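Note that the sequence shown covers residues 1121 to 1457 in this note's numbering.
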Amino acid sequence: MSVVLEGVPDKRMAVVSGRAYPELAQAVANCLGTELLPTQAYDFANGEMYVRFAQPVRGADVFVLQSHCEPINTWIMEQLLMIDSLKRASAASITVVAPFMGYSRQDKKHQGREPITARLMFDLFRTAGADRIVTVDLHASQEQGFFSGPVDHLTAMPILVDYVRGTLPLENVTIVSPDAGRIKVSERWAAKLNNRPLAFIHKSRDITRPNHAVAHGIIGEVEGRDCVVVDDMIDTAGTICEAVRVLRDAGAKSVTIAATHGLLSGPAVERLQACGAREIILTDTVPVPEEKRFEGVTVLSVAPLLAAGIRSVFESRSVTHLLEGLPADMRARNIYA
């Protein structure tokens, strides 16, 4: 789907979206005050894809929005085709907007003969013709260095923090990092919530088994506290549910989970329902269908954040201010997805 906006004089912006998550594209367009226009896209009998844009994009600054959700490889390939099509249609610039960047967790080698797939992803986008990338909460922020052009690394933290601030008594909150790798992010959470205490869970991960980690103990005081566990994604939920168990065994008064990307693969829903968390807070960087929503799950909209980021890039303004919160005109939008 695509939309053409008239903005800065002598500049034209087009927002195009693949078929992975058109509802998010529509929400972003609504935040930008625009209408989505159709794009021709279909599959051949053997699974090959075809993409063609219904309007000229020559000379336009184009933003290609695609969520890398299931089936992830299909939608990544479709986004690459869209980029190639735009390059051949003489777009002035092409910006990849990937709310959830697929393969982001594969950002380094744990053992010999492994790929660094996150780097490959950025290389593929660059080779296809992308000039810039906008994404939300990479697994590791240093992945921005994998791309030879600008990367605008947005964060859903202000959206999640605002919600937590309005639903928990802050004087009793402790921010918990589920592992050592998320401590820096947890420190920023703690600072934004009036310098709340910080704890982290010491865990080990079996690098030969996907989605498997074992928690060994907690560093920090959590007994009698309302603990907020913050992470970038929930996939099968094994790791995060183990964190909840360890915190409850240590005497936590309540445990709230806050994560940007709710992948919720395989047994995730059943595990989360049974883990004893007070609330699971997610954003809609990937679709969270009704069958995966249950009592205690809250899904917040990331559309205002994406719209604000797209607008700032198009108008050649800094996106750094988005780290502190949404602009006033976006803050008034519906926060729920």
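Each residue gets a CB set at the ideal place from its N, CA and C atoms; glycine is no exception. Since this is a predicted model, take the numbers as computed values, not measurements.
Check, Outcome
"Classification of Lys1312 by the beta-carbon crowding that lies within 10 angstroms, buried from 16 upward", "buried"
"Where Ser1518 sits in the DSSP three-state scheme", "The structure shown does not extend to residue 1518, since the chain is modelled only from 1121 to 1457, so the question has no answer here."
"Three-way DSSP call (helix, strand, coil) for Ala1457 in this model", "coil"
"Expected contact under 8 angstroms - CB spacing of Ile1400 and Leu1392 to nearest Å", "6 angstroms"
"CA nearest to the CA of Ser1421, picked from Ile1321, Glu1343 and Thr1403", "Thr1403"
"Residue span of the alpha helix (DSSP H) that contains Ile1236, given as start and end", "Here Ile1236 belongs to no alpha helix (DSSP H), and DSSP marks it neither H nor E."
"Nearest to Leu1201 (by Cα), restricted to the options Ser1374, Val1417, Ser1436 and Val1184", "Val1184"
"Start-end ranges of the alpha helix (DSSP H) lying completely within the stretch 1253-1307, minimum 4 residues", "1277-1287"
"Of the residues Asp1243, Thr1194 and His1273, the one placed nearest Val1217, counting alpha carbons only", "His1273"
"Reduced DSSP category for Thr1405 - H, G, I as helix; E, B as strand; rest coil", "coil"
"Run of the beta strand (DSSP E) containing Ser1137, from where it starts to where it stops", "Arg1132 to Ser1137"
"Neighbourhood of Ile1196 by C-beta, 7 angstroms cutoff - its chain only, sequence neighbours within 5 removed", "His1188 and Gly1222"
"Per-residue burial, Asp1295 [other beta carbons within 10 Å of its own, 16 or more giving buried]", "Reading off the sequence shown, one finds Ile at residue 1295, where the question assumed Asp. Buried."
"Closest residue to Met1169 among Val1148, Gln1199, Glu1143 and Cys1347 (Cα-Cα distance)", "Gln1199"
"Boundaries of the alpha helix (DSSP H) in which Asp1449 is found, first to last residue", "Ala1448 to Arg1451"
"Start-end ranges of the alpha helix (DSSP H) lying completely within the stretch 1143-1214, minimum 4 residues", "1192-1208"
"In DSSP terms, what Ala1218 is bridged to", "Thr1255"
"Alpha-carbon spacing of Ile1430 relative to Leu1442, whole angstroms", "11 angstroms"
"Ala1276 versus Pro1424: straight-line alpha-carbon distance, rounded", "10 angstroms"
"Entirely enclosed beta strand (DSSP E) segments - the stretch 1328-1390, minimum 3 residues", "1333-1339, 1346-1354 and 1374-1382"
"Residues near Ser1385 in its chain [Cβ-Cβ closer than 7 angstroms; skip 5 each side]", "Asp1355 and Thr1356"
"Below-8 angstroms beta-carbon distance, Thr1194 vs any chain E residue", "No chain E appears in the structure shown, which is made up of a single protein chain."
"Identity of the residues DSSP links to Ile1400 by a beta bridge", "Ile1377 and Val1417"
"Among Asp1449, Ala1319 and Lys1131, the one whose alpha carbon lies nearest that of Gly1337", "Ala1319"
"Three-state secondary structure assigned by DSSP to His1441", "helix"
"Inter-residue spacing [alpha-carbon to alpha-carbon] between Gln1226 and Ala1238", "5 angstroms"
"Supposed close pair Glu1155, Ala1147 - CB separation, criterion 8 angstroms", "Contact doesn't hold; Cβ gap of about 13 angstroms is too wide."
"For Pro1219 and Asp1204, the rounded distance between their alpha carbons", "20 angstroms"
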